[in-house]
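Asks: One structure is given below, represented as structure tokens, and several questions about it will come after.
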Amino acid sequence: GDSVTQMEGPVTLSEEAFLTINCTYTATGYPSLFWYVQYPGEGLQLLLKATKADDKGSNKGFEATYRKETTSFHLEKGSVQVSDSAVYFCALSGGNFNKFYFGSGTKLNVKP
Amino acid sequence: GAVVSQHPSWVICKSGTSVKIECRSLDFQATTMFWYRQFPKQSLMLMATSNEGSKATYEQGVEKDKFLINHASLTLSTLTVTSAHPEDSSFYICSARPAGSEDTQYFGPGTRLTVL
Numbered sequence: 015g016d017s018v019t020q021m022e023g024p025v026t027l028s029e030e031a032f033l034t035i036n037c038t039y040t041a042t043g044y045p046s047l048f049w050y051v052q053y054p055g056e057g058l059q060l061l062l063k064a065t066k067a068d069d070k071g072s073n074k075g076f077e078a079t080y081r082k083e084t085t086s087f088h089l090e091k092g093s094v095q096v097s098d099s100a101v102y103f104c105a106l107s108g109g110n111f112n113k114f115y116f117g118s119g120t121k122l123n124v125k126p
Numbered sequence: 803g804a805v806v807s808q809h810p811s812w813v814i815c816k817s818g819t820s821v822k823i824e825c826r827s828l829d830f831q832a833t834t835m836f837w838y839r840q841f842p843k844q845s846l847m848l849m850a851t852s853n854e855g856s857k858a859t860y861e862q863g864v865e866k867d868k869f870l871i872n873h874a875s876l877t878l879s880t881l882t883v884t885s886a887h888p889e890d891s892s893f894y895i896c897s898a899r900p901a902g903s904e905d906t907q908y909f910g911p912g913t914r915l916t917v918l
């Protein structure tokens with residue numbers, strides 16, 4: 015069945031460091047791919063998405079490219095800020111009802 | 803736009819009682835709503851898919867008689883945890899898909915359930 019695997023955390027970085035959070039997926043068909051962010055005490059918010067191969071989603075300095083050949087959707091940011099500290103979830107949507115399947119989440123801690 | 807609310811935001815109940823959680827799409831109509839459960843430091847686990855006016859579809863391993871889902875209107879779905887036990891304590895999150903959208907979901911802020 016469909017599934018998402020993302021790197022385990024926590025990831026601790028200093029402010030202005032480069033961020034990569036790896037995400038790979040298994041799916042039948044052509045899923046849409048997403049990154050969601052969950053700030054402490056809040057619900058999930060859509061960060062970015064890509065709906066087909068080679069699409070690049072971007073928002074707030076974060077980017078991820080839909081790579082069909084490697085079944086990956088790695089999240090990157092060139093210079094993280096303390097305010098980026100949160101839990102990041104990779105997800106795919108596909109199959110019947112376009113159900114969402116989430117990765118296990120990666121906690122990011124950014125230190126000043 | 804695209805706001806989803808949940809009520810209550812947290813609830814504490816005694817073992818054996820039932821608890822109802824509401825999920826509302828405030829500014830759009832949602833033909834499909836989803837219910838998730840999130841364990842501490844873990845990902846969201848899809849529990850069931852709810853379509854307006856029809857019975858919910860439950861994921862494998864989720865007891866439909868324990869987690870009753872009703873999607874009575876295009877803006878409201880409810881999850882009732884019946885005869886709650888301490889192991890049902892968790893963070894329950896709903897999401898709503900706008901009518902006409904295939905892969906967009908908007909998430910509610912979640913409900914923290916604690917069963918004593």
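Top line first, the protein sequences correspond to chains Y and C. Add 14 to a position in the first sequence, counting from 1, and you land on the number used in the numbering used here. Add 802 to a position in the second sequence, counting from 1, and you land on the number used in the numbering used here. Every residue, glycine too, gets a C-beta built ideally from N, C-alpha and C.
Below 6 Å CB to CB, which residues in the same chain sit around T851 (chain C) once its five sequence neighbours on both sides are set aside?
Replies: F836, T859
Asks: Please report how far the alpha carbon of G92 (chain Y) lies from the alpha carbon of D905 (chain C), in whole angstroms.
Replies: Note on geometry: alpha-carbon atoms of G92 (chain Y) and D905 (chain C) lie some 28 Å from one another.
Asks: Drop a sphere of 10 angstroms on the beta-carbon of V805 (chain C), count the other beta-carbons inside from all chains shown, and report buried for 16 or more, exposed for fewer.
Replies: exposed
Asks: Taking C-beta pairs closer than 7 Å, name the residues in chain Y that E904 (chain C) reaches, listed in chain order.
Replies: N112
Asks: Since S107 (chain Y) and S46 (chain Y) are thought to touch, with beta carbons under 8 Å apart, how far apart are those beta carbons, to the nearest angstrom?
Replies: 5 Å
Asks: Going by DSSP, what residue range makes up the beta strand (DSSP E) through F48 (chain Y)?
Replies: Annotation for F48 (chain Y): the continuous beta strand (DSSP E) segment containing it runs 46-52.
Asks: What span of residues does the beta strand (DSSP E) with L122 (chain Y) cover, start to end?
Replies: 120-125
Asks: Would you kindly check if the distance between the Cβ of V101 (chain Y) and the Cβ of L27 (chain Y) is under 8 Å?
Replies: no
Asks: What is the C-beta distance between A41 (chain Y) and D16 (chain Y), in whole angstroms, given that I count them as a contact (C-beta under 8 Å)?
Replies: 5 Å
Asks: Between which two residues does the beta strand (DSSP E) containing G108 (chain Y) stretch?
Replies: 100-108
Asks: Return the CA-CA distance between D890 (chain C) and E29 (chain Y), expressed in angstroms with no decimal places.
Replies: 39 Å
Asks: In the DSSP output, which residue or residues are listed as bridge partners for V84 (chain Y)?
Replies: The question names Val, yet the displayed sequence has Thr at residue 84 (chain Y). DSSP lists no partner for T84 (chain Y).
Asks: Please list, in chain order, the residues of the segment 846-870 of chain C that have any C-beta partner in chain Y closer than 9 Å.
Replies: L846, M847, L848, T851, N853, T859, E861
Asks: Count the other C-beta atoms from every protein chain shown that fall within 10 angstroms of the C-beta of K63 (chain Y), then say buried if there are 16 or more, exposed otherwise.
Replies: Under this definition K63 (chain Y) is a buried residue.
Asks: Does the distance from the CB of T85 (chain Y) to the CB of E22 (chain Y) come in under 8 Å?
Replies: no
Asks: Short of 8 Å in beta carbon distance, which residues of its chain neighbour F869 (chain C), apart from the five on each side in sequence? Order them along the chain.
Replies: If you ignore the 5 residues before and after F869 (chain C), its C-beta comes within less than 8 Å of the C-beta of W837, M849, A850, Y860, L881, T882, V883, T884, all in its own chain and listed in chain order.
Asks: Is there a Cβ of chain Y sitting closer than 8 Å to that of Q831 (chain C), yes or no?
Replies: no
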